[in-house]
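**Q**
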Amino acid sequence: MGRFEAAGRLKINGEVPVVLALFVFGVVYVVAARHYRAMPLTDPGPGLLPIVFGIGLAASCLLGLLRLRRPDLATRPQAQVDDISEDAEVALGWSGALRPLAIIVVLLAFPYVAPHAGYLATSWLVFVLSAQILRRGHILATLLTATGVVAASYLVFVQWLNLPLPTGLVGF
Amino acid sequence: MFNDLLAGFGDALQPEYLLLALLGVVIGTLTGVLPGIGPVGAISMLLGLSPAVGPTGSLILFAGVYYGSMYGGSTTSILLNIPGEANSVVTAIDGYEMTKRGRAGAALTVAALGSFIAGTISILALAFATPVLGDLALKFGPPEYFALSVAGLLLLCILLTGPLWKSLAMVFLGLMLGAVGLDSLSAEARFTFDTIELSQGIGLVPLAMGLFGVAEVLSVAQQVRHGRVRRPKAPRLRDLLLTREEARRSAGPIGRGSVLGFVMGLIPGPATLTSTFVSYVLEKRLSRRKEEFGKGAIEGVAGPESANNSAAAAAFVPLISLGIPFTPVMALVLSALLLNGITPGPQFIDQHGDLFWTVIASMFVGNLMLLVLNLPMVGLFTRVLALPVQVLMPMILVFVLVGAYAANNTMWDVTVMVCAGLLGFVLTKYGFHMAPLLLAVVLGPTLENSLRVSLSIANGGFGTFVTRPISGAILAICAAVLVARLVWLLSRRVRRTAGNGDTGSATPTTATEPDSSTRVLSERSNQP
Numbered sequence: 001m002g003r004f005e006a007a008g009r010l011k012i013n014g015e016v017p018v019v020l021a022l023f024v025f026g027v028v029y030v031v032a033a034r035h036y037r038a039m040p041l042t043d044p045g046p047g048l049l050p051i052v053f054g055i056g057l058a059a060s061c062l063l064g065l066l067r068l069r070r071p072d073l074a075t076r077p078q079a080q081v082d083d084i085s086e087d088a089e090v091a092l093g094w095s096g097a098l099r100p101l102a103i104i105v106v107l108l109a110f111p112y113v114a115p116h117a118g119y120l121a122t123s124w125l126v127f128v129l130s131a132q133i134l135r136r137g138h139i140l141a142t143l144l145t146a147t148g149v150v151a152a153s154y155l156v157f158v159q160w161l162n163l164p165l166p167t168g169l170v171g172f
Numbered sequence: 001m002f003n004d005l006l007a008g009f010g011d012a013l014q015p016e017y018l019l020l021a022l023l024g025v026v027i028g029t030l031t032g033v034l035p036g037i038g039p040v041g042a043i044s045m046l047l048g049l050s051p052a053v054g055p056t057g058s059l060i061l062f063a064g065v066y067y068g069s070m071y072g073g074s075t076t077s078i079l080l081n082i083p084g085e086a087n088s089v090v091t092a093i094d095g096y097e098m099t100k101r102g103r104a105g106a107a108l109t110v111a112a113l114g115s116f117i118a119g120t121i122s123i124l125a126l127a128f129a130t131p132v133l134g135d136l137a138l139k140f141g142p143p144e145y146f147a148l149s150v151a152g153l154l155l156l157c158i159l160l161t162g163p164l165w166k167s168l169a170m171v172f173l174g175l176m177l178g179a180v181g182l183d184s185l186s187a188e189a190r191f192t193f194d195t196i197e198l199s200q201g202i203g204l205v206p207l208a209m210g211l212f213g214v215a216e217v218l219s220v221a222q223q224v225r226h227g228r229v230r231r232p233k234a235p236r237l238r239d240l241l242l243t244r245e246e247a248r249r250s251a252g253p254i255g256r257g258s259v260l261g262f263v264m265g266l267i268p269g270p271a272t273l274t275s276t277f278v279s280y281v282l283e284k285r286l287s288r289r290k291e292e293f294g295k296g297a298i299e300g301v302a303g304p305e306s307a308n309n310s311a312a313a314a315a316f317v318p319l320i321s322l323g324i325p326f327t328p329v330m331a332l333v334l335s336a337l338l339l340n341g342i343t344p345g346p347q348f349i350d351q352h353g354d355l356f357w358t359v360i361a362s363m364f365v366g367n368l369m370l371l372v373l374n375l376p377m378v379g380l381f382t383r384v385l386a387l388p389v390q391v392l393m394p395m396i397l398v399f400v401l402v403g404a405y406a407a408n409n410t411m412w413d414v415t416v417m418v419c420a421g422l423l424g425f426v427l428t429k430y431g432f433h434m435a436p437l438l439l440a441v442v443l444g445p446t447l448e449n450s451l452r453v454s455l456s457i458a459n460g461g462f463g464t465f466v467t468r469p470i471s472g473a474i475l476a477i478c479a480a481v482l483v484a485r486l487v488w489l490l491s492r493r494v495r496r497t498a499g500n501g502d503t504g505s506a507t508p509t510t511a512t513e514p515d516s517s518t519r520v521l522s523e524r525s526n527q528p
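The structure is reproduced here in structure tokens:
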């Protein structure tokens, strides 16, 4: 029970800043929307609905913040991954919070690297790096799988569907 | 109509379309088998390919994925008690009990047969209902479109599990994101910060891929576990045969589920999900063996499985005849059509009759493919569960990167997708549903334009929405459902307070703990 309550508190602590951020976004959006004409109602301008939407988001979040003050009404933390393995172990090395962040960094690098290195090399790199982030080790298997998947994707997307993917300086 | 359908079969049986239908049903089945991805995620990953395969190819591919996921979801529900997607949660109740009693084969067969029969019936109904509703939709004006948009968003929020304020917040966030770009009525740029990229608006393709594809990968990355995956034992071919008694008991639920699913699919909201619950309750009420429900009643598999497949086909009716999607999957199908320069609506069948009938015909073909593929190859599909995350997730990343780039050949969309992925990951982690957000982005322009035009026509009077019979009726239904939900919430709180008062020892945490089926539904209802 203690662990469960601790998990519940952890959830509530993390949830409040998210809801607060959404509330602030709603308010800022309303302020920005006031620059566009809203009235008269006989000829509503492009600012009317954005103001309503922003107020709606802020009001929903305000309601949520009020409810989150009451632990009995707060939502439960989401369950962990499905019980697909009875003898499963939580991966060591990358902590839970770092792995998604590392994958985001890899993905954000794609738009900068792909125009120079080309689709094939960049997507191969994305595959290898994200696989290693998810689970370290088995480097040879990862390299071979990445080569196979990227080659297959090249055949489907470029050869079959004729998608104009970035070729980069090397030409493919 | 019969000649049109025959011509449609002529086109649908071309090798290219057959291949796309096969690809769609295989991807869909895999999507259904794998927990987490869901049809919305799979279709959003493929959305970038839509211009390359054309409008007919896109519809055939996406319909296959949608149906396939319904089939595939039932497999893991029955064999492992792990619903691959939200619509199979109910199937797990009696399906897994049948597996424990050694009747897994019968459960899989009745799920596949029920899905096939319901799918076929609903495709026929779709072929007849769409032109009729299309004629009716010609009478719709801006107030009716506004009411339908509100109904689509509101009913989805009300019927999803979890706090209503979270779903409403996601709707407003989606509407806000949908308002970015050039205003279609005044051509004024909104929230663009003088950038060309934002003046086009936030692309639905990268947004959907981020919210569902990238967010899912990030979520798995955070919770990744290693170890042997529990793989189900696939039944032998001879175990798939139904006994005469099982066949007799399944016939009624399949018929009722087909009709119920189709009717519910025409109503805004997550019909493929809700129809399974309604069908289960209905079958339990009608059954003479009520005590068997929850312990392996075949009616508990046959009814819900038929209902969700029927509802899936019915969801195409409002999209094609009104141009309004009621579910996130249909929102993605709509965007695929728009990417190909086709706007669905009342004139759709007149203007694109060949496309419509080809898709209808290919739905029959796809349904048949699913039946032939799924039963003998059930063991093969369940092997996908053993695919390690460090292979599956990077594959998804490569596909979404290609898809996001390919839609407009711009790296801006890739950046938008990654940002949307991060947003989706954080919000989903804290219990926000992404489905209302995505639907709001799609319905936002229709909602806004119809409201502003209606107000202009009515000289600023809001009365026009309630005095016109169709829009008034739609809004009245929305209000009634909302009031019913609020009354239910209030009564639940009163009961809970009374319960706490009685026991005296009940802690707040245990008092709000949902039962296991509700929790599974809540976790998976991001992909209605």
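Chains P and Z, in that order, are what the protein sequence lines are.
For the first sequence, UniProt numbering begins at 1 and goes up steadily by one.
For the second sequence, UniProt numbering begins at 1 and goes up steadily by one.
We put the CB at the ideal spot given by N, CA and C, even for glycine.
Keep in mind it's a predicted model, so treat the numbers as computed, not measured.
1. Compare the C-beta of residue 347 of chain Z against all C-beta atoms of chain P and say whether one is closer than 8 Å.
2. Opposite residue 54 of chain Z in the DSSP bridges: which residues?
3. Between residue 394 of chain Z and chain P, is the shortest Cβ-Cβ distance under 8 Å, so that the two count as touching?
4. From the DSSP output, which residues share a beta bridge with residue 530 of chain Z?
5. Kindly indicate the opening and closing residues of the alpha helix (DSSP H) around residue 174 of chain Z.
6. Going straight from the alpha carbon of residue 123 of chain P to that of residue 276 of chain Z, what length do you get?
7. What is the DSSP secondary structure of residue 187 of chain Z, counted as helix, strand or coil?
8. Please list, in chain order, the chain Z residues whose beta carbon lies closer than 9 Å to that of residue 97 of chain P.
9. Starting from residue 391 of chain Z and walking both ways along the alpha helix (DSSP H), at which residues does that stretch end?
10. What number of angstroms, rounded off, separates the C-alpha of residue 279 of chain Z from the C-alpha of residue 108 of chain Z?
11. Does the pairing of the region 181–197 of chain Z with the region 15–29 of chain Z give three or more beta-carbon distances under 8 Å?
12. List the endpoints of the continuous alpha helix (DSSP H) containing residue 357 of chain Z.
13. Leaving out the 5 sequence neighbours to the left and right, which residues in its chain are closer than 7 Å to residue 318 of chain Z when beta-carbon positions are compared?
14. Identify the contact partners of residue 411 of chain Z in chain P, using a Cβ-Cβ distance below 9 Å as the criterion.
15. Should residue 162 of chain P be labelled buried (16 or more other beta-carbon atoms within 10 Å of its own) or exposed?
16. From the DSSP output, read off the bridge partner residues of residue 181 of chain Z.
17. Given 7 Å as the limit, tell me if residue 166 of chain Z has its C-beta closer than that to any heavy atom belonging to the ligand NAP.
18. Count the other CB atoms, across all protein chains shown, that sit within 10 Å of the CB of residue 60 of chain Z; report buried if there are 16 or more and exposed otherwise.
19. Kindly say whether residue 145 of chain Z, judged by its beta-carbon, lies nearer than 8 Å to any beta-carbon of chain P.
20. Would you say the region 327–335 of chain Z touches the region 431–448 of chain Z, given that touching needs at least three Cβ pairs under 8 Å?
21. So, with DSSP's three-state summary, where would you put residue 469 of chain Z?
22. Do the region 450–464 of chain Z and the region 345–355 of chain Z touch if we need at least three Cβ pairs shorter than 8 Å?
23. Please return the same chain residues whose Cβ sits closer than 7 Å to the Cβ of residue 106 of chain P, not counting the five positions on each side in sequence.
24. So with CB distances below 7 Å, who are the chain P contacts of residue 188 of chain Z?
25. How big is the Cα-Cα spacing for residue 505 of chain Z and residue 492 of chain Z?
26. Return the residues of the region 456–486 of chain Z that lie within a Cβ-Cβ distance of less than 7 Å from chain P, sorted by chain order.
27. What residue range does the alpha helix (DSSP H) around residue 88 of chain Z cover?
28. Got a sec? Which residues, its chain only, sit under 7 Å from residue 157 of chain Z by beta carbon, not counting five neighbours each side?
29. Is residue 43 of chain P helix, strand or coil when you go by DSSP?
30. Give every residue of the same chain whose Cβ lies closer than 7 Å to the Cβ of residue 425 of chain Z, excluding the five residues on either side of it in the sequence, and list them in chain order.
31. In three-state DSSP terms, what is residue 35 of chain P?
32. For residue 19 of chain Z, which residues from the same chain have a beta carbon less than 6 Å from its beta carbon, with the 5 sequence-adjacent residues on both sides left out?
33. Determine, for residue 492 of chain Z, whether the minimum Cβ-Cβ distance to residues of chain P falls below 8 Å.
34. Compute the Euclidean distance between the alpha carbons of residue 66 of chain P and residue 133 of chain P, then round it to the nearest angstrom.
35. Give me the chain P residues within the contact set of residue 426 of chain Z, using Cβ-Cβ distance strictly less than 8 Å, ordered along the chain.
36. What is the C-beta distance between residue 46 of chain P and residue 183 of chain Z, in whole angstroms, given that I count them as a contact (C-beta under 8 Å)?
**A** By the coordinates alone:
1. No, its Cβ sits nowhere closer than 8 Å to a Cβ of chain P.
2. The partner list for residue 54 of chain Z (beta bridge, DSSP) is empty, contrary to what the question assumes.
3. For residue 394 of chain Z, the answer is yes, since a Cβ of chain P falls inside 8 Å of its Cβ.
4. Since the first residue shown for chain Z is 1 and the last is 528, residue 530 of chain Z is missing from the structure and cannot be characterised.
5. It spans 164–178 - the alpha helix (DSSP H) in which residue 174 of chain Z sits, taken as one unbroken run.
6. Linking residue 123 of chain P to residue 276 of chain Z through their CA atoms gives a straight-line distance of about 40 Å.
7. Coil at residue 187 of chain Z, not helix or strand.
8. Per Cβ cutoff of 9 Å: 222.
9. Per DSSP, residue 391 of chain Z belongs to the alpha helix (DSSP H) from 389–408.
10. Near 18 Å, if we compare the C-alpha coordinates of residue 108 of chain Z and residue 279 of chain Z.
11. The answer is no - the region 15–29 of chain Z does not touch the region 181–197 of chain Z, with fewer than three Cβ pairs under 8 Å.
12. Secondary structure note for residue 357 of chain Z: its alpha helix (DSSP H) is the uninterrupted segment 353–374.
13. 266, 324, 326.
14. In chain order: 110, 111, 112, 114, 115, 166.
15. In the assembly as shown, residue 162 of chain P is an exposed residue. Its beta-carbon has fewer than 16 other beta-carbons within 10 Å.
16. DSSP lists Z:190 as partners of residue 181 of chain Z.
17. Among the components of this structure there are no ligands whatsoever, and the ligand NAP is therefore not found.
18. Residue 60 of chain Z comes out buried.
19. For residue 145 of chain Z, the answer is no, since every Cβ of chain P falls outside 8 Å of its Cβ.
20. The region 327–335 of chain Z and the region 431–448 of chain Z touch, with no fewer than 3 CB-CB distances between them shorter than 8 Å.
21. For residue 469 of chain Z, the secondary structure class from DSSP, reduced to helix, strand or coil, is helix.
22. The region 450–464 of chain Z vs the region 345–355 of chain Z: no contact.
23. Result list for residue 106 of chain P: 126, 129, 130, in chain order.
24. Result: 36, 46.
25. Low local confidence applies: a pLDDT of 41 at residue 505 of chain Z is under 50, so the model's placement there is unreliable, and no value is given.
26. Going along the region 456–486 of chain Z in chain order, one finds 456, 459, 460 with a Cβ nearer than 7 Å to chain P.
27. From DSSP, residue 88 of chain Z is part of no alpha helix (DSSP H); its letter is neither H nor E.
28. If we look at residue 157 of chain Z and ignore the five residues flanking it on each side, its Cβ neighbours are 164, 167, 168, 171, 436.
29. DSSP places residue 43 of chain P in coil when its eight states are reduced to three.
30. By the criterion of a C-beta distance shorter than 7 Å, residue 425 of chain Z is surrounded in its chain by 215, 218, 219, once the five residues flanking it on both sides are discounted.
31. The DSSP-derived three-state label of residue 35 of chain P is coil.
32. Excluding sequence neighbours, residue 19 of chain Z sits near nothing in its chain.
33. Contacts with chain P at 8 Å (Cβ-Cβ) do not include residue 492 of chain Z.
34. Cα-Cα distance, rounded: 39 Å.
35. 18, listed in chain order.
36. About 4 Å separates the beta carbon of residue 46 of chain P from that of residue 183 of chain Z, a gap short enough to meet the 8 Å contact definition.
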